[in-house]
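In this text, residue positions in the sequence shown follow this note's numbering: the first is 80, and each later residue adds one.
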Amino acid sequence: MSTAPVTLNHLLRIPLAAEVHSRPSLRLGANENLTHLAVYTRGAGGDDADQGERQHELLVSLCQNFGVSGPHFDARYFFHDFGSFRLQWECHTEFTTYTFAEEQGAPLPLVQAFEQVPLRHIPLKWLHELNGKVMVATHVVLQQDGAGLPAMREFFGGNLLVGSNALESARLWTDFAIAPDGFGRFVVQDLGLHHQQSGRLVQRVLEIETYRMMALLGLPHAQQGAPVLNGIEAELARLSAGMTDSTDAVSAGGTAQDGPDDERDLLHKITALAARMEKLALENSYRFAASKAYFRLVQARIEELRETRIDGVPTVGEFMDRRLAPAMSTCESMVRRQQALAERIGRTNDLLRTRVGIVQEQQNRRILESLNSRAAQQLRLQQAVEGLSVVAISYYSIGLLNYVGKAMKAAGWPVNPDVATGVMIPVILLAVWFGLRRMHHRVAA
Numbered sequence: 080m081s082t083a084p085v086t087l088n089h090l091l092r093i094p095l096a097a098e099v100h101s102r103p104s105l106r107l108g109a110n111e112n113l114t115h116l117a118v119y120t121r122g123a124g125g126d127d128a129d130q131g132e133r134q135h136e137l138l139v140s141l142c143q144n145f146g147v148s149g150p151h152f153d154a155r156y157f158f159h160d161f162g163s164f165r166l167q168w169e170c171h172t173e174f175t176t177y178t179f180a181e182e183q184g185a186p187l188p189l190v191q192a193f194e195q196v197p198l199r200h201i202p203l204k205w206l207h208e209l210n211g212k213v214m215v216a217t218h219v220v221l222q223q224d225g226a227g228l229p230a231m232r233e234f235f236g237g238n239l240l241v242g243s244n245a246l247e248s249a250r251l252w253t254d255f256a257i258a259p260d261g262f263g264r265f266v267v268q269d270l271g272l273h274h275q276q277s278g279r280l281v282q283r284v285l286e287i288e289t290y291r292m293m294a295l296l297g298l299p300h301a302q303q304g305a306p307v308l309n310g311i312e313a314e315l316a317r318l319s320a321g322m323t324d325s326t327d328a329v330s331a332g333g334t335a336q337d338g339p340d341d342e343r344d345l346l347h348k349i350t351a352l353a354a355r356m357e358k359l360a361l362e363n364s365y366r367f368a369a370s371k372a373y374f375r376l377v378q379a380r381i382e383e384l385r386e387t388r389i390d391g392v393p394t395v396g397e398f399m400d401r402r403l404a405p406a407m408s409t410c411e412s413m414v415r416r417q418q419a420l421a422e423r424i425g426r427t428n429d430l431l432r433t434r435v436g437i438v439q440e441q442q443n444r445r446i447l448e449s450l451n452s453r454a455a456q457q458l459r460l461q462q463a464v465e466g467l468s469v470v471a472i473s474y475y476s477i478g479l480l481n482y483v484g485k486a487m488k489a490a491g492w493p494v495n496p497d498v499a500t501g502v503m504i505p506v507i508l509l510a511v512w513f514g515l516r517r518m519h520h521r522v523a524a
């Protein structure tokens with residue numbers, strides 16, 4: 080069987096196999112100028128569908144401006160050679176990238192090279208459509224040129240220069256700063272790169288810059304969330320102190336209501352605090368998780384550069400360790416604080432609910448004791464009434480018996496009514512008492 084019938088394939092086999100080949104690196108010549116734009120496409124509410132469609136519309140509009148058909152609406156990658164420049168477009172989860180490349184015949188002085196960027200071929204009207212969405216804007220000059228450290232220091236104008244030897248046959252220079260024209264600048268010197276290495280190297284450089292900026296999106300969330308977290312911690316400490324005061328009041332012989340705060344009011348405040356904590360975590364959780372993932376990608380791309388030091392300047396990896404890693408540590412610290420505070424609030428809430436439950440049980444026990452006392456009083460009263468009932472029934476029964484005796488005497492019977500009545504009094508009392516007891520037991524059963 081030389082070929083696998085299509086019917087044997089899993090529905091996702093073909094697209095999954097194609098995924099690893101879906102975003103090839105640019106094929107670059109020995110001397111290239113590039114412009115890289117990364118446009119943030121995630122909506123304010125987390126729904127990036129509209130923004131993604133908007134970026135696809137912009138791509139189609141750009142293609143039509145040069146008389147080229149745009150890609151299908153669900154495309155995630157697009158490449159085309161427009162003649163004067165080449166465009167590589169990629170759609171990611173949170174951003175879309177436009178990489179414009181233009182080949183140069185010979186190495187140009189750096190100042191002139193950064194003026195001859197391919198972005199000059201793009202209509203300004205189209206660029207203005209990106210207003211407010213660009214996260215990364217960077218020019219890259221790839222040259223077969225061996226200018227050394229002094230020339231690079233002069234070109235980057237005294238900024239903190241970052242440089243390293245990469246892939247054993249290239250040299251990378253940048254300052255990771257935004258120039259007055261609004262673009263970052265990278266210089267990649269080709270010192271003998273093999274076929275396709277230059278494209279992969281430039282792609283790694285652009286990915287480092289893009290993922291670096293995307294990772295830093297978590298920092299404002301951490302900075303804005305820290306005061307909110309401080310406020311929640313202070314409120315939790317105040318409520319915990321209120322619980323302690325309430326406990327001291329109970330220990331002194333009072334009840335839970337004798338403390339500074341009512342237990343139910345404390346429980347309501349703790350619940351509201353838990354809701355605030357959940358809201359803060361919900362607002363930040365995605366951003367912090369994304370920043371962590373982007374930071375890992377930055378570290379992976381730096382490792383792929385296989386950097387070696389250039390005396391006098393920090394490497395890209397060292398720069399990230401000093402500048403990006405602390406920001407990521409701040410985000411990670413914020414995540415840990417949120418988790419720890421949420422757990423503390425949960426424990427406090429559970430403790431307070433337990434206390435409220437105990438107080439309710441105590442109240443219920445006192446109510447039951449009161450009901451039992453009242454039932455005992457009612458039983459004693461009932462027994463007293465039963466005793467009076469025996470006397471009353473016996474009294475009327477004896478009276479009736481006396482009338483019967485008198486009637487029998489009047490009829491000629493040899494009966495003394497007074498003697499007969501006196502003899503029957505104990506019998507009647509016992510009979511009435513036993514009768515009432517028997518009736519009571521029947522009713523109780």
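Idealized CB from N, CA, C, for every residue including glycine.
{"Asked": "Let me know if Leu352 comes out buried or exposed under the rule of 16 or more other beta-carbons within 10 Å of its beta-carbon.", "Found": "buried"}
{"Asked": "Would you list the one or two residues that DSSP bridges to Tyr475?", "Found": "Beta-bridge pairing links Tyr475 to no other residue."}
{"Asked": "With DSSP collapsed to three states, give me the class of Gly338.", "Found": "Residue placement at Gly338 is flagged as unreliable, the pLDDT there being 42, under the threshold of 50; the coordinate-derived value follows with that caveat. Three-state DSSP puts Gly338 in coil, outside helix and strand."}
{"Asked": "From Glu465, Thr500, Ala490, Met487, pick the residue whose C-alpha is nearest to that of Val511; which is it?", "Found": "Glu465"}
{"Asked": "In the DSSP assignment, the alpha helix (DSSP H) including Leu239 goes from what residue to what residue?", "Found": "Segment: none, Leu239 is in no alpha helix (DSSP H) and carries neither H nor E."}
{"Asked": "Locate the alpha helix (DSSP H) running through Gly225, then write down its first and last residues.", "Found": "Per DSSP, Gly225 belongs to no alpha helix (DSSP H) and is neither H nor E."}
{"Asked": "Which value, in whole angstroms, describes the spacing of the CA atoms of Ala256 and Arg121?", "Found": "25 Å"}
{"Asked": "Taking the C-alpha atoms as reference points, what is the distance between Ala421 and Gln303?", "Found": "18 Å"}
{"Asked": "Could you tell me which uninterrupted beta strand (DSSP E) segments, each at least 3 residues in length, are contained entirely in the region 112-195, listed from first to last along the chain?", "Found": "156-160, 165-170, 174-182"}
{"Asked": "Do Tyr71 and Leu384 have their C-beta atoms within less than 8 Å of each other?", "Found": "The shown model of the chain, from 80 to 524, leaves out residue 71, and the question about it has no answer."}
{"Asked": "In angstroms, rounded to a whole number, what distance separates the CA positions of Leu361 and Leu137?", "Found": "32 Å"}
{"Asked": "For Val395, does the count of other Cβ atoms within 10 angstroms reach 16, so buried, or fall short, so exposed?", "Found": "buried"}
{"Asked": "What would DSSP say about Leu272, mapped onto helix, strand or coil?", "Found": "coil"}
{"Asked": "Once the 5 residues before and after Gly225 are set aside, which same chain residues still bring their CB inside 7 Å of it?", "Found": "Gln268, Leu270"}
{"Asked": "Assuming Ala185 and Asn110 make a contact with CB atoms under 8 Å, what is their CB distance in whole Å?", "Found": "6 Å"}
{"Asked": "Where are the beta strand (DSSP E) runs, 3 residues long or more, that stay fully inside the region 242-309, in chain order?", "Found": "249-253, 263-269"}
{"Asked": "Report, in whole angstroms, the separation of the C-beta atoms of Asn238 and Asp254, which I expect to be a contact under 8 Å.", "Found": "4 Å"}
{"Asked": "Report the CB separation of Leu105 from Gln282 in whole angstroms; it is logged as a contact under 8 Å.", "Found": "7 Å"}
{"Asked": "I need the straight-line Cα distance from Lys251 to Val118, nearest angstrom please.", "Found": "Before going on, a small fix: residue 251 reads as Leu here, not Lys. C-alpha separation (whole angstroms): 24 Å."}
{"Asked": "Determine the DSSP secondary structure at Ala354, reduced to helix, strand or coil.", "Found": "helix"}
{"Asked": "Per DSSP, what kind of secondary structure is Ala510 in: helix, strand or coil?", "Found": "helix"}
{"Asked": "Using a Cβ distance threshold of 8 Å, determine whether the region 429-437 contacts the region 274-281, with at least three qualifying pairs required.", "Found": "no"}
{"Asked": "Which one of Arg264, Leu467, Leu203 has the shortest CA to CA distance from Ala216?", "Found": "Arg264"}
{"Asked": "Does DSSP put Thr387 in a helix, a strand or coil?", "Found": "strand"}
{"Asked": "Which residue comes first and which comes last in the alpha helix (DSSP H) that contains Leu209?", "Found": "From DSSP, Leu209 is part of no alpha helix (DSSP H); its letter is neither H nor E."}
{"Asked": "In terms of alpha-carbon separation, which member of Glu247, Gln418, Thr175 lies closest to Thr387?", "Found": "Glu247"}
{"Asked": "For a quick check, are the C-beta atoms of Leu508 and Val483 less than 8 Å apart?", "Found": "no"}
{"Asked": "Just reading off the alpha helix (DSSP H) that Ala109 is part of, what are its end residues?", "Found": "That residue, Ala109, is in no alpha helix (DSSP H); it is neither H nor E in DSSP."}
{"Asked": "Using the Cβ count rule (16 or more neighbours within 10 Å means buried), how would you classify Thr350?", "Found": "exposed"}
{"Asked": "On the CB-based measure, 16 or more other CB atoms within 10 Å of its CB, does Tyr475 come out buried or exposed?", "Found": "exposed"}
{"Asked": "Who are the Cβ neighbours of Leu467 in its own chain at under 7 Å, not counting the five residues just before and after it?", "Found": "none"}
{"Asked": "Please report the residue range of the alpha helix (DSSP H) in which Ala96 lies.", "Found": "92-98"}
{"Asked": "Classify Ser163 as buried or exposed, calling it buried when 16 or more other Cβ atoms lie within 10 Å of its own Cβ.", "Found": "exposed"}
{"Asked": "Count the other CB atoms, across all protein chains shown, that sit within 10 Å of the CB of Asn309; report buried if there are 16 or more and exposed otherwise.", "Found": "exposed"}
{"Asked": "Going by the beta-carbon positions, is the gap between Ile504 and Ile472 smaller than 8 Å?", "Found": "no"}
{"Asked": "Short check: CB of Gly108 to CB of Glu182, under 8 Å?", "Found": "yes"}
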